[in-house]
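Under the numbering used here, the first residue of the sequence shown carries the number 3, and numbering increases by one thereafter.
The beta carbon of each residue, even a glycine, is placed where N, CA and C say it ideally should be.
From a predicted model like this one, the values you see are computed outputs, not experimental measurements.
I have placed the structure first, in the form of structure tokens, so that the comments after it can refer back to it.
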Amino acid sequence: MTGTIINVIAILIGGSVGLLFGSRIPERFKLTIIAGMGLFTVAMGLQMFTKSENQLIVLGAMILGTIFGEWLGIEDRLQALGLTLEKRFSNDEESGAGSRFVRGFMVSSLLFCIGPMAILGSIQDGLTGDYNLLAVKSTLDGFASVAFASTLGIGVMFSSIIILIYQGGVSLLAGALSSIISDPMMIEMTATGGVILVGLGISNLLEIKKIRVGNFLPALAVAPLIVWVLEKF
């Protein structure tokens with residue numbers, strides 16, 4: 003849990019800096035920074051996907067995971083949580099599912115949770131107590147929080163709640179999962195996360211097309227299950 007706590011603190015500090023000094027940054031700079039983050043996110047997602055040893059596993063995980071995600075309404079639940087937090091803590095004139103607060107909360111929550119560092123770092127922290135990987139991730143997330151908060155507002159800081167629940171939960175369960183998760187499972191789970199990152203970059207950062215990215219998240223759990231089935235049968 004040490005690495006997760008460091009990650010949460012980094013996001014809060016970065017978000018605070020972005021809120022305090024964001025008004026001094028010209029709007030065109032902010033938009034360009036967000037666009038740059040979007041391009042980087044897409045590139046990172048593509049790199050993660052190319053590491054897959056069987057792209058059909060990723061495709062199957064995305065299809066089954068999305069069906070499950072739509073059934074659970076994960077995207078709507080995340081937006082509802084963002085709206086609840088917005089009503090309590092934001093004074094923005096703009097409100098609703100497309101508001102700056104909710105967009106900041108959604109973008110940062112998904113971006114900070116998805117990726118090999120979040121998964122591998124949390125497992126490593128939980129199994130061995132080594133939080134070096136999460137420390138590196140915390141540095142990256144901290145700088146990203148400055149850029150996001152300066153443009154998307156205080157919603158970015160509330161993503162730390164999701165980070166605490168997600169990464170903390172993975173770390174706590176890592177011991178029990180250590181005998182179950184194999185290297186092939188981790189590879190395909192990471193590749194699936196890459197596809198989701200591409201969707202996040204296209205939808206929420208570059209705003210090319212609206213995609214219900216949150217409903218893809220169950221695919222991260224489906225991918226290793228498919229690998230397990232193939233290994234057994």
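- Under the DSSP assignment, Ile15 falls in the alpha helix (DSSP H) whose first and last residues are 4 to 23.
- Secondary structure within the stretch 139 to 195: the alpha helix (DSSP H) runs of 4 or more consecutive residues, fully enclosed, are 161 to 179 (chain order).
- Pairing Met39 with Ala146 gives a Cβ-Cβ distance under 8 Å.
- Shown here, Leu208 sits in coil according to DSSP, grouped into three states, outside any helix or strand.
- Ranked by Cα distance from Ile163, the options Gly5, Val10, Glu55, Met3 are led by Val10.
- The distance from the Cβ of Phe107 to that of Gly157 is about 4 Å, consistent with a contact at the 8 Å cut-off.
- Per DSSP, Gly71 is one residue of the alpha helix (DSSP H) stretching across 57 to 74.
- A direct Cα-to-Cα measurement between Ala149 and Gly24 gives close to 8 Å.
- DSSP, reduced to helix, strand and coil, places Lys234 within a helical segment of the structure shown.
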